[in-house]
Structure formats: structure tokens, C-alpha cells
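**Q**
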């Protein structure tokens, strides 16, 4: 091949596609994907949610853009792509809104109401329209577009897949559904896996905003350690609840606002400089269809915000490498700081890789060290509100991290050690160790990396009988393109740009940190790596598209006079299709028995009719409820007493002091508790993994509550295929939960004196 055949010059594409035809194809792709997943029955309620909460989410995005652009325009690095600037402004605006919710919500005033936040959103919208009226007035839509614009059809299909998952009620992804025929239909329960990401959703990401909203204040919660984490994503979900006037009313809006981070990431990569049109289109298609991007947007999780801010940060890294200016470095720092406000994970998977790569770039240019310091300083300053908040409440700015070095705050020694051991390098026994403990097998580093690359299916065949993380971060097509890209980079190191090598550096640092230092972190933390993988693959495909001819292959001139354009375009389409297939399979596996008839159902209705919430919500109307072993409290009654596995239960002292059933009942009655919900399966799981306090051990609870009235309980029996039923023994029934009524005090006995 000729030397210039690898350059990423733009490919001339004739404008032959009518704009109206493209719009029709986009709408059809979106509607058919949504309709194909949900069905005709669920399409109307889905559209009702989209026409209310969906429009509100777009209004929030517009307001965020208005506030963010007011700051960004003062930086406005020279020659930066407009789409990157707008996406950066909106992402910065979302961070500003989250900080506003945190600061106003922390004040001892009733600021968490729609009467406060709708004017704030209205002000942002007005500011956005005022700043955009000039450019919008000059804008003219072309009547025809190039064929590369068909990538938006792929993006529309990805948006349909995202919305189909986002419209399923929170927590109904990743479950083992219990069925409740008494409802007149097979109403799914939500008896979810103890280790599912949905557990985090119902314990932290939606439950914390719910508690803040119902308390009227953002504050540290002694029963939920996650209230000490950086919570910018949760603050945005709290904003959604405020705008809708209720925690349950705002469930869908909260989730759609979180999914906007995927929209910003895709929009940013789509608006690359004109000379890199093919690379931008390829990155757009790969990122918009990436299975883990869609999965994180379904829930959504803070890792999605980290992925979005990382994507923006890497795009600004390219601008900084091409034109090293303080304003460009400041944009990198703003994205790093905003990402660190979403999760502690961002420090290792986002800030550290980018700052280290910036340092490597400045190795031969020491004058740029000030830019690295500027980016790092801005990131630290934007993280400071969370550190100050933790310092004020626990004395440890990074609580619950670094408890040995910075203090363990409100924790006792056992609870602090339970947290540390659960996240330590290597396998640690639970704290305390239960009597019949057998260490569960855990995936090795090699198995985790294999699952990251090949997915669970091939990994289970490679390591039979071993535990395998159930996640596929890289799709099959993207994996092949990534391998080809890396081979091409090392075979012809002068072909890739310096930014490509920087992307590879970011990816390698991320993988090393994930594999070596975070053995017990959930798989979703590795999904942040999708950003550099996508941009690397897009670069490899762009270099392939720029190949004019192959010397040893006799060929005619290809499309646009380039031999490589057709195979590169076909690879993009193939990767997008394979991504859709993987995401669709993940959808089917995660929804399990869940009926899509739940799409658009109000959260309050789910709480009243869901299998494990039904009796608990009914019982709480006449008294107080205590949850033992169950921290997934979002659908349980407001005010229910609960604690995570890493917190002391509010009623732990009552259980510790009680020596009999009647004594415990008296203690609970004095605390206003009339019903106790015991999650037996969850307690057993926690006791064998991270640890469970002895005063509430399973055997002791069974003894204390043996004679209490049972209001409701649920046993789960795994299904057995008809062909296996005759040869295999019946599956063991597992007691999932029991709801007890606290017995009333025994009536006093009176004896009549004789004579």
C-alpha cells in the first residue's frame, strides 16, 4: 500500500439523500424497534410516558444546555467542533443542576418542591433560547444529505432499544419473578437476584433520592452508607422527582434524565471535525449500539455518566493535543470533575487515565505541565463539595473509602472491617464468619478478562465449572475490529495519529486498574472502557476507508475512488447489527419472566401490587414496618426501618437486648413497629459473602419469631424442564421472605382473692 493510503482524509460523498426521506427512515427505525420489543399492547402506554416524562427530560436537557453554555462560551476554545461544544455545555449544565439540588436541598428549608425547580428549569430554557436565537436564525437545513447520514437510522434504532428498557419499571430488569395469580393476571413480583444491578438501583440510585424528597432535605443517612458517595446522578434523579411532585411520580422522568448522558456521548462523537467524517460516523454507530451503553441507560447507573464524561474528556484531549491551549485543558478538567461527582470509580477509570496520558504527552513539552495542573485542579475543585460534605458528617472526606487512613466515621470496628474486606484485594471471609462458612468460588483475573473480551458463553466453555461474570463488554464484531485496529497500529505505527496512541494508553490504564486493583467491583465499572474502545475502532475503520488501492490486489476504483470505503462501511453495519443482537439477547435474559405489560405502570401501583411489596404496604398503613436483611427499599412503604449490609440496623439494639420473643415484641412496639419483614434468602447470601451481624443471625431470628403471626411469605422453586423432571429430583424450595405481625402484649391475668 502507498504511504498516504492510511491517512484519514475525508471521503467525498455526493448529497443524494433527501432530508425528508431520512427523517421518515429515522422515525420508522425508532418506532419499529420500540414496537418490536414492547408489542402493540404496550405501545400506547409507552407513548404516554414519552409524551410527558420524555418531553420533560428534553426540557431539562435544554435548560442544562442554557446554563452550561453560559460558562462554556467564556472558554470556547478556538476551532472546536460545534457539536462537541454543545454536548460539553449540556454535560456541564447537568453537573450544575446536580450541584444546585445538592446545595439547596442541604439547607434547612423546603427547597425540594416543584415550585422551586420549575422556575429554575424555566430560567435555563429561557437562557438557552436567548443564546441560540442568533445561530438558529441563520441556520438552514439542507434539502439533500450524503449517504453517510444513514448512520442516524442506526442511532434511532438504538434510541428505540434504550427507551424500551427505560420504560420498564425500575428494578424489573435482572429479576427472578414471583407470580401472583390472585391479582387476576400473572402480576410479576420483583424477587430479584441478590447481586443484580437492580439491587443497587432500589437500594441507592432511586431509594436515596426518594428518601431525600420525602424528608425534604439532602442529608447523610445513618442506615444507608451510599448516601456518603458522590451523588450527582442521584441529584438529577431527585430533580426529576421534584419536577413531577413525588418520588413515585418521578420514577420514569428520573430514569430518562439519567439516560441523557448516553445521548450526549453519542452527539459529541457525531460532531467531529469535517476531515474525520467517516471516523465520526463509525464511532456514532458503534457507541449508540454498544450493549453496555444501552444496558446502563436502561437502569440508569452512575457509570453511564462516567462513560459520557470520559468520552467528552477524550475528545477534548484530541483538541488539546492538536492545539495546546489553557481553555482546552480547562474543558478536560471540567469533564473530569463532573465525572468524579458521579462516582468514586471515576477517579480510577476516568481521571487517572486521562491525567496520566496528559503527563505522558508533556514529557517532551514541559511547558504544558501547567495545563495538566489546571485540569487536575479543576477536577479536584469540582469534587470538593462531596469531600466537604463527608468531612462535616464523618470526618473522612472520602468516606466510606480510606477508613484506615482517614477515619471510619460513625462505623464501629466490625462494620468498617466488613466494608474493607468486601473490597479488598484477594478473597476475604465475611465479617463475622458464620458457623457453616464455605468460601464461594470467585472468578480469577484471567477469567474476568476473558469474560470482558469474549462474553460469558465462550468463557464458560473455556473455564468449565468456574464462576464467570455475566457480562459482555465488547460485542463480537467490535472485538474483531479492535484486534484488527491494534494489529494495524503496531504493524504501521506511523499510520495512527498521536490521539490514537493516547486512546490506547487510556484503555490500557483502565484495564490494568480494573483487573489488578478492583477484583470485587461489579462488571459495570469496566463498561466505561467502551468509550476508548469505540473511538479506537472508529479510527481503525477510518484508516481502512482511506485506503485507495492495494498493490498486490488487482481492483478497480471503489466508491469515492477508494478501495477501502466499501469494506469499512460494511464492517460498521455488521458491528451495529451484532451489537443489536447482543443487546437484544441481553434484554431477553435480563427481563426473564417479566411481562412487558408493566411498561408505563405507575410506581405506586407496582408497590401496591408487586408480590413482595403487596402485604408490606398494606400492613404499613396501620403501623410501622421494619425490614430485616432487605435494603432494596424503593417499593416498600415510606419510613420503613432498614439498613444496608454495611450499616448498623436502627433496631439492632432491640434485637441485641431481647432474650425472648415477648421481650423483642415489647421493644419493637415501643419503637412504633407493628410488622417485621425478614428477607431470609438475602440474609443467607450476605452471611456467606460480606457478613451479617450475629444479633440478627438467621437462626436467632427464626427462634425469636417462631410464634409470631405470619401475614405473608414467599417460597421460590426453580423451574425444571419437563424432560428433566422425570430424572432429576424436585428442586428445593427457598424461603425468600416472611412478613410477621408484632404480637400484642399478653393480657394481664387477675386472680380473685379467696374468702
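In our numbering, the protein residues as written are -10 to 744. Ideal Cβ positions, reconstructed from N, Cα and C, are used throughout, including at glycine.
Which same chain residues, not among the five before or five after residue 171, have their C-beta less than 7 Å away from its C-beta?
**A** Reliability fails at residue 171, whose pLDDT of 34 lies under 50, so the model's placement of it is uncertain and no value is given.
**Q** When the Cα of residue 250 is compared with those of 292, 268, 271, 214, which residue comes out closest?
**A** Nearest option by C-alpha distance: 292.
**Q** Going by DSSP, name the residue or residues bridged to residue 393.
**A** Residue 393 pairs with nothing; no bridge assigned.
**Q** I'd like to confirm the pairing. Which residues does DSSP put opposite residue 705 in its beta bridges?
**A** In the DSSP output, where bridge partners are listed per residue, residue 705 has 723.
**Q** Give the range of the alpha helix (DSSP H) segment to which residue 638 is assigned.
**A** Looking at the DSSP string, residue 638 is not in any alpha helix (DSSP H), and its letter there is neither H nor E.
**Q** Short of 6 Å in beta carbon distance, which residues of its chain neighbour residue 22, apart from the five on each side in sequence? Order them along the chain.
**A** Excluding sequence neighbours, residue 22 sits near 146, 149, 150.
**Q** Excluding the 5 residues flanking residue 382 on each side, which residues of the same chain have their C-beta closer than 6 Å to its C-beta?
**A** These residues qualify, in order along the chain: 209.
**Q** Which of the three DSSP states, helix, strand or coil, is assigned to residue 611?
**A** Coil at residue 611, not helix or strand.
**Q** So, are the CB atoms of residue 265 and residue 66 less than 9 Å apart?
**A** No, the Cβ-Cβ distance between residue 265 and residue 66 is not below 9 Å.
**Q** Going by DSSP, what residues sit across from residue 730 in a beta bridge?
**A** Partner(s): 664.
**Q** For residue 351, report the span of its alpha helix (DSSP H) as first-last.
**A** Segment: none, residue 351 is in no alpha helix (DSSP H) and carries neither H nor E.
**Q** For residue 213, list the residues DSSP reports as bridge partners.
**A** DSSP output for residue 213 lists 210 as bridge partner(s).
**Q** How should residue 699 be labelled, buried or exposed, when 16 other C-beta atoms within 10 angstroms of its C-beta is the threshold for buried?
**A** Residue 699 is exposed by the Cβ-count criterion.
**Q** Once the 5 residues before and after residue 392 are set aside, which same chain residues still bring their CB inside 8 Å of it?
**A** Once the five neighbours on either side are set aside, the close Cβ partners of residue 392 are 385, 398, 400, 405, 408, 409.
**Q** In terms of residues, what are the limits of the alpha helix (DSSP H) holding residue 673?
**A** Looking at the DSSP string, the run of the alpha helix (DSSP H) that includes residue 673 is 669 to 678.
**Q** Under 8 Å by Cβ, that's how I've got residue 51 and residue 114 pegged, so tell me the actual separation to the nearest angstrom.
**A** Correct: roughly 5 Å between the Cβ atoms.
**Q** Residue 183 to residue 593, Cα distance in whole Å?
**A** Summary for residue 183: the model assigns pLDDT 44, below 50, so the residue's position carries little reliability; its value from the coordinates is reported in the next sentence. When rounded, the distance between both Cα atoms is 23 Å.
**Q** Can you give me the C-alpha to C-alpha distance between residue 138 and residue 7, rounded to a whole angstrom?
**A** About 10 Å.
**Q** Which residue from 84, 357, 585, 12 puts its Cα closest to that of residue 134?
**A** Among 84, 357, 585, 12, the Cα nearest to that of residue 134 is on 12.
**Q** In three-state DSSP terms, what is residue 616?
**A** Note: residue 616 maps to strand in three-state DSSP.
**Q** Cutting at 7 Å between CB atoms, please list the residues of its own chain near residue 563, excluding the five before and the five after it.
**A** Taken in chain order, the residues that qualify are 466.
**Q** In or out: residue 725 buried (at least 16 other Cβ within 10 Å) or exposed?
**A** So residue 725 counts as buried.
**Q** Would you call the CB atoms of residue 55 and residue 82 closer than 9 Å?
**A** Contact: yes.
**Q** Our contact map puts residue 528 next to residue 268 with C-beta atoms below 8 Å; I'd like the distance itself, whole angstroms only.
**A** Right, their Cβ atoms sit about 6 Å apart.
**Q** Over what stretch of residues does the alpha helix (DSSP H) that includes residue 253 continue unbroken?
**A** Here the alpha helix (DSSP H) through residue 253 covers 240 to 259.
**Q** Going along the chain, which residues of its own chain have a beta-carbon closer than 7 Å to the beta-carbon of residue 602, five neighbours each way excluded?
**A** Once the five neighbours on either side are set aside, the close Cβ partners of residue 602 are 596, 624, 625.
**Q** Which residues mark the beginning and the end of the alpha helix (DSSP H) in which residue 95 is found?
**A** From DSSP, the alpha helix (DSSP H) with residue 95 extends over 71 to 95.
**Q** So, do the stretch 230 to 246 and the stretch 325 to 335 have three or more beta carbon pairs nearer to each other than 8 Å?
**A** Counting Cβ pairs under 8 Å, fewer than three are found: no touch.
**Q** Run through the DSSP bridge pairs and tell me what residue 630 is partnered with.
**A** In the DSSP output, where bridge partners are listed per residue, residue 630 has 615.
**Q** For residue 191, which residues in the same chain have their Cβ closer than 6 Å to its Cβ, ignoring the five residues on either side in sequence?
**A** Excluding positions up to five away in sequence, the list reads 160, 621, 623.
**Q** Using 8 Å for Cβ pairs, my map puts residue 278 next to residue 574. What's the rounded Cβ distance?
**A** Not quite, the Cβ-Cβ distance comes to about 13 Å (not below 8 Å), so this is no contact.
**Q** I believe residue 614 touches residue 608 by the beta-carbon criterion, under 8 Å. Please report the beta-carbon distance rounded to the nearest angstrom.
**A** Residue 614 to residue 608, Cβ: 7 Å. Contact.
**Q** Under a three-way DSSP split, which group does residue 495 fall into?
**A** The answer is helix: DSSP assigns residue 495 an H, G or I state.
**Q** Just reading off the alpha helix (DSSP H) that residue 292 is part of, what are its end residues?
**A** Start and end: 291 to 311.
**Q** Could you give the distance in angstroms between the alpha-carbon of residue 414 and the alpha-carbon of residue 502?
**A** Cα to Cα, the separation comes out at about 12 Å.
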